[in-house]
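The structure under discussion appears below in the form of structure tokens.
Numbering (the working numbering), first residue to last: 11 to 174.
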């Protein structure tokens with residue numbers, strides 16, 4: 011299939027809508043296409059990476075596979091459904107139970123590991139603060155604890171979102 015400029019633009023917007031974070035897109039590409047996003051598509055921001063992914067798919071003759079895989083991974087996304095219909099890409103049945111379950115499971119595991127690492131850092135910084143004798147170091151450690159609390163709250167919110 012050869013995509014026109016407007017079709018590429020619609021696909022770009024649909025992918026950005028369906029995969030608003032680079033990690034979401036990276037996991038979809040790995041699970042659905044068996045490719046490493048960082049190896050096939052570069053760019054400074056998500057829009058550039060997504061455009062580069064589309065260009066890669068076109069040059070590899072895998073644009074149908076990209077659209078079908080994105081649909082399988084995020085079957086509920088209306089923009090992806092519209093692009094797939096416009097391009098005539100048939101919905102392939104999910105290769106696993108539930109829409110996006112493999113990608114969601116990978117994201118969830120990744121976030122849970124991040125939370126464990128942050129908790130360990132928080133524990134170490136907290137212990138260091140309790141034993142720190144140098145008054146000049148205490149504000150730095152207190153600020154680090156506040157940063158870690160914010161990071162842990164953000165990761166926990168993402169875990170909660172993924173569990174819904």
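Glycine is no exception: its CB is placed at the ideal position from the N, C-alpha and C atoms.
These figures come from a predicted structure and were not determined experimentally.
Practice task
Give every residue of the same chain whose Cβ lies closer than 6 Å to the Cβ of residue 99, excluding the five residues on either side of it in the sequence, and list them in chain order.
Solution key: Excluding residues up to 5 positions away in sequence, 74, 77, 78 lie with their Cβ nearer than 6 Å to the Cβ of residue 99 in the same chain.
Problem - Coil, strand or helix - residue 132 by DSSP - result: Correct three-state label for residue 132: helix.
Exercise for the section: Give the straight-line distance between the Cα atoms of residue 129 and residue 138, rounded to the nearest whole angstrom. Expected result: Computed Cα separation, rounded: 14 Å.
Exercise for the section: Round the Cβ separation of residue 155 and residue 135 to the nearest angstrom and send it over; I've been treating them as touching at under 8 Å. Expected result: Taking 8 Å as the upper bound for CB-CB distance, residue 155 and residue 135 are in contact here, some 5 Å apart.
Handout entry: Reference residue 52; option with closest CA among 160, 72, 38, 64
Key = Measuring from the Cα of residue 52, the nearest candidate turns out to be 64.
Exercise for the section: Taking the CB atoms as reference points, tell me whether residue 90 and residue 24 lie closer together than 8 Å. Expected result: Cβ distance < 8 Å, so residue 90 and residue 24 count as in contact.
Exercise for the section: Below 7 Å CB to CB, which residues in the same chain sit around residue 172 once its five sequence neighbours on both sides are set aside? Expected result: Excluding its 5 nearest sequence neighbours in each direction, residue 172 has C-beta neighbours in its own chain below 7 Å: 114, 117, 118, 121, listed in chain order.
Exercise for the section: Compare the C-alpha of residue 66 against each of 29, 131, 49, 14 and name the closest. Expected result: Comparing Cα-Cα distances from residue 66 to each of 29, 131, 49, 14, the minimum goes to 49.
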